[in-house]
Amino acid sequence: MLSIVTLLFGTLGAPEILLIVLVVLLLFGGKKIPELMRGLGKGVKSFKEGMNEISDDLKETDKKDEEKKE
20 MLSIVTLLFG TLGAPEILLI VLVVLLLFGG KKIPELMRGL GKGVKSFKEG MNEISDDLKE
80 TDKKDEEKKE
């Protein structure tokens, strides 16, 4: 089964990736890219923590429901 990215963009080879990197470098400059990546990393970390909290809350709710049934 093909992934959504493959369906939308096809396969990305080395020349395409190099072109994307060059465009990003031209748009943001070398000094701005580490800041962008740092912000992206913090966002991903925050998202994962939020997902873990929701998962933990659901597990606690399930345990309480099972205790009430007994």
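Per the working numbering, the sequence shown runs over residues 20 to 89.
Heads up, the beta-carbon is just placed ideally off N, CA and C, and yes, glycines get one too.
Residue environment, residue i, which counts as buried when at least 16 other CB atoms sit within 10 Å
{"i": "Met20", "result": "Low confidence applies to Met20: its pLDDT is 46, below 50, so where it sits in the model is not reliable, and the reading given next is rough at best. Result: exposed."}
Within 8 Å, strictly: CB atoms of residue i and residue j
{"i": "Phe47", "j": "Leu55", "result": "yes"}
Those runs of the alpha helix (DSSP H) which lie wholly inside the segment 29-59 and span at least 4 residues: 33-47
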